[in-house]
């Protein structure tokens, strides 16, 4: 019976989403478009700064500087291309700390916006009585699976 209820809830969710107002449907793509442009511009500027910095400091060509910047900011760090000058290593450390921090903030902003958008869509789609009857201990609205208690044996 649990699977049947899940299918019913999924069909009900799809039905209510199809009936959603045209205003909400046009608002969502605009919000996602601005979020995507913020993400792309911020990421490209972080990489671009690294490319310019290491092209100037180390004299690397464009591809090597782009490769080093991407590998560094994605925290992969293969180590096959490294700054040769010890003074440039200090610039690399500052670039790593600032770049990874900035990208983390960007990802956090994007995640927050997507989460709030999903909450708004779910709240506008699900009927009010369905949201109100969901128990406090449920893990998700659609599954109605009670949250499992923490196993205290693993905390030692």
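Numbering (the UniProt record's numbering), first residue to last: 1 to 156. Beta carbons are placed, not taken as given, at the ideal position from N, Cα and C, and that holds for glycine.
Span of the alpha helix (DSSP H), counted from its first residue to its last, around residue i
i: residue 110; result: 86-125
i: residue 75; result: Per DSSP, residue 75 belongs to no alpha helix (DSSP H) and is neither H nor E.
Beta-carbon proximity of residue i to residue j, cut-off 8 Å
i: residue 91; j: residue 36; result: no
i: residue 46; j: residue 99; result: yes
i: residue 160; j: residue 62; result: No information on residue 160 is available, as it lies outside the stretch 1 to 156 that the chain covers here.
i: residue 106; j: residue 39; result: yes
i: residue 103; j: residue 126; result: no
Close beta carbons around residue i, own chain, < 7 Å, minus the five adjacent residues each side
i: residue 158; result: No information on residue 158 is available, as it lies outside the stretch 1 to 156 that the chain covers here.
i: residue 58; result: 83, 84, 88
Cutoff 8 Å; reference residue i; Cβ partners in own chain excluding five residues on either side
i: residue 110; result: 35, 38, 39
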